[in-house]
Amino acid sequence: MPGTPNIRGLRGLLAALAVTVLALVAGAGAATAADVPFPMVPKAAAGTQCVEEPGFMRTNHMKLLTHQRDDTVRRGIRTTQHSLQGCIDCHAVNDAAGKAVSHQSSEHFCVACHEYAAVQPDCFQCHTSLPSGQSGGQAAR
Amino acid sequence: MSDDRTNSETTRRDLLKVGAAAVAAGALAPGITLIAPAQARNPAEPASAKQRWGLLIDATKCVEGCTKCVTACNEEMGLPDHDRAATDPQYIRIVTVRDPETSYSKQLPVMCQHCENPPCVDVCPTTASFKRADGIVLVDRHRCIGCRYCMMACPYKARSFAHEVSTDQKPHNPRGKGCVESCTLCAHRVDAGRYPACVEICPTGAMLFGDLNDPDSAISRKVKEVSTATIRGDLGTKPGVRYVGL
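Order-wise, the sequence lines are chains H and A. Residue numbers 1 to 141, in the working numbering, belong to the letters of the first sequence in order. Residue numbers 1001 to 1246, in the working numbering, belong to the letters of the second sequence in order.
Here is the structure:
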């Protein structure tokens, strides 16, 4: 009802606000990953420097990877500056047993963000998601 | 056959020469030498048409029952063994040829022949099959839709289709279900100035790898001296893989 003060409505609104503020104050100290809608992006290997500015990588890593893959497969250029395996080597996440997790796990560097963004990367249908030295050979005859 | 005998004489002489060079360069084991096929290319440089990589396989030296090249290939490329012969991938096949008139039979390895005029490239609807500047014929799995037209076009039955999900690939040979694949002439090794895995493992040195465009390479000198043949040369595919004693 425009123009007429609604005391009961206002009081209800205030009460709701108070409850929200209280809940926020109470929850701030105990916020867990599950409560916060933001991807828990694992840290890269200590002492390493990303090949590009992290902000740039967040937006453009797919373009760099696509460019590199065509250069490597079709032209035989073997620089490792923007190689997928390079990403995986630095950003490997280890499980409790100290073994690198594969893309089957939500903790995998690529998967952590891609699950959040609901974008499915096709890379790991063919490429290994494990760092060099930990992939290949187990199923080989 | 008389041709073969002269060939084997030349072969032995050539082997001694190569062997002497191997001693000079440091030999690891019979058949494994440390002479690089070429200088490792600068990683930033693309493959060049100056090279034409080729393979010379001496069938007379291929030992009956030996499958070492196949095993080494499977290991190098991370090919799985599901014990399903009909669908398991194979980059090298050991083929036994037999003369029905004399019953003479011989086994030899057959892989992608890296043709100069590859039929697989002609038929590919997505340009996934392609020939690199240095003559290596590859499948670009980023473009392969798994139609298998190339498998039908290949006169050498050199290509395989990945029927199963892969989980444990080698970083240098990404492979997945639904794509066609074949021998890459170990492009990842060649680019680094190394020999293909099969050539390195062959215990009798039956395989010779090198640059057919370089007149001074061992393979060029050998194909000039010895009578060699290509499989189905009548098709005009001009394979980069040649055979002695076929």
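Beta carbons: idealized from backbone N, C-alpha and C, even for Gly. These numbers were taken from a predicted model, which means no experiment stands behind them.
For the stretch 1033 to 1077 of chain A, the continuous alpha helix (DSSP H) assignments of 4+ residues that do not extend past its boundaries occur at 1068 to 1077, in sequence order. Contact check between the stretch 1062 to 1081 of chain A and the stretch 1106 to 1122 of chain A: three or more CB pairs, one atom from each, fall below 8 Å, which counts as touching. Where residue 1212(A) is concerned, there is no enclosing alpha helix (DSSP H), because DSSP gives it neither an H nor an E. Residues of chain H whose Cβ lies closer than 8 Å to the Cβ of residue 1132(A) are, in chain order, 74, 75 and 76. In this structure, the straight-line span from the alpha carbon of residue 1054(A) to that of residue 1087(A) is close to 28 Å.
Boundaries of the beta strand (DSSP E) around residue 1108(A): 1105 to 1110. A direct Cα-Cα distance of roughly 11 Å separates residue 61(H) from residue 53(H). Distance check between residue 72(H) and each of 1172(A), 1185(A) and 1237(A) places 1172(A) closest, using alpha-carbon atoms only. Note on residue 115(H): under 16 other CB atoms within 10 angstroms of its CB, so exposed under the neighbour-count rule. Judged by pairs of C-beta atoms under 8 Å, the stretch 119 to 129 of chain H touches the stretch 102 to 109 of chain H, as three or more such pairs exist.
Beyond the five residues adjoining it in sequence on each side, residue 96(H) comes within less than 8 Å, by CB distance, of no other residue in the same chain. Taking each of 63(H), 134(H) and 87(H) in turn and checking the Cα distance to residue 45(H), the smallest one comes out for 87(H). Against chain A, the CB of residue 127(H) has a partner CB under 8 Å away; the residue lies at that interface.
Proximity to residue 90(H) across 122(H), 113(H), 109(H) and 121(H) peaks at 109(H), based on C-alpha coordinates.
The beta carbon of residue 94(H) sits closer than 8 Å to those of 100 and 101, all from its chain and outside the five residues before and after it, given in chain order. For residue 54(H), the three-state secondary structure derived from DSSP is helix. Taking a Cβ-Cβ cut-off of 8 Å, residue 58(H) has no neighbours in chain A, whose nearest Cβ is about 23 Å from it. Burial check for residue 56(H): the Cβ neighbour count within 10 Å stays below 16, so the residue is exposed. With 16 or more neighbouring CB atoms inside 10 Å of its own CB, residue 1074(A) falls in the buried class. If you check the CB distance, residue 1070(A) and residue 1094(A) come in under 8 Å.
Residue 1160(A) sits in a strand when the DSSP states are folded into three classes.
DSSP places residue 1094(A) in the uninterrupted beta strand (DSSP E) bounded by 1093 to 1098.
Interface criterion met: the Cβ of residue 135(H) is under 8 Å from a Cβ in chain A. Only residues of its own chain outside the window of five on either side were considered, and among them 1161 and 1180 have a CB closer than 7 Å to the CB of residue 1148(A), listed in chain order. Residue environment: residue 98(H) is assigned as exposed (fewer than 16 neighbouring CB atoms within 10 Å of its CB, all protein chains considered).
Not flagged as an interface residue toward chain H: residue 1163(A), since no C-beta distance is shorter than 8 Å. Taken atom to atom, the span from the alpha-carbon of residue 1170(A) to that of residue 1092(A) is near 18 Å. In this chain, residue 1220(A) is not harboured by any beta strand (DSSP E); it is covered by the alpha helix (DSSP H) spanning 1218 to 1225. Excluding sequence positions up to five before and after residue 1163(A), its CB lies within less than 6 Å of the CB of 1087, all in the same chain and listed in chain order. Only 1041, 1043, 1044, 1045, 1046 and 1047 from the stretch 1040 to 1062 of chain A bring a Cβ to less than 8 Å from some Cβ of chain H. Per DSSP, the beta-bridge partners of residue 1229(A) are 1243(A).
For residue 76(H), the closest alpha carbon among the candidates 1238(A), 1145(A), 1078(A) and 1139(A) is that of 1139(A).
Assignment of residue 109(H) by DSSP, reduced to helix, strand and coil, places it in the helix class. Taking 8 Å as the threshold, the shortest C-beta distance from residue 106(H) to chain A does not fall below it.
Residue state for residue 100(H) is assigned as strand, using DSSP reduced to three classes. Chain H places a beta carbon closer than 8 Å to that of residue 1176(A), counting this residue as a contact.
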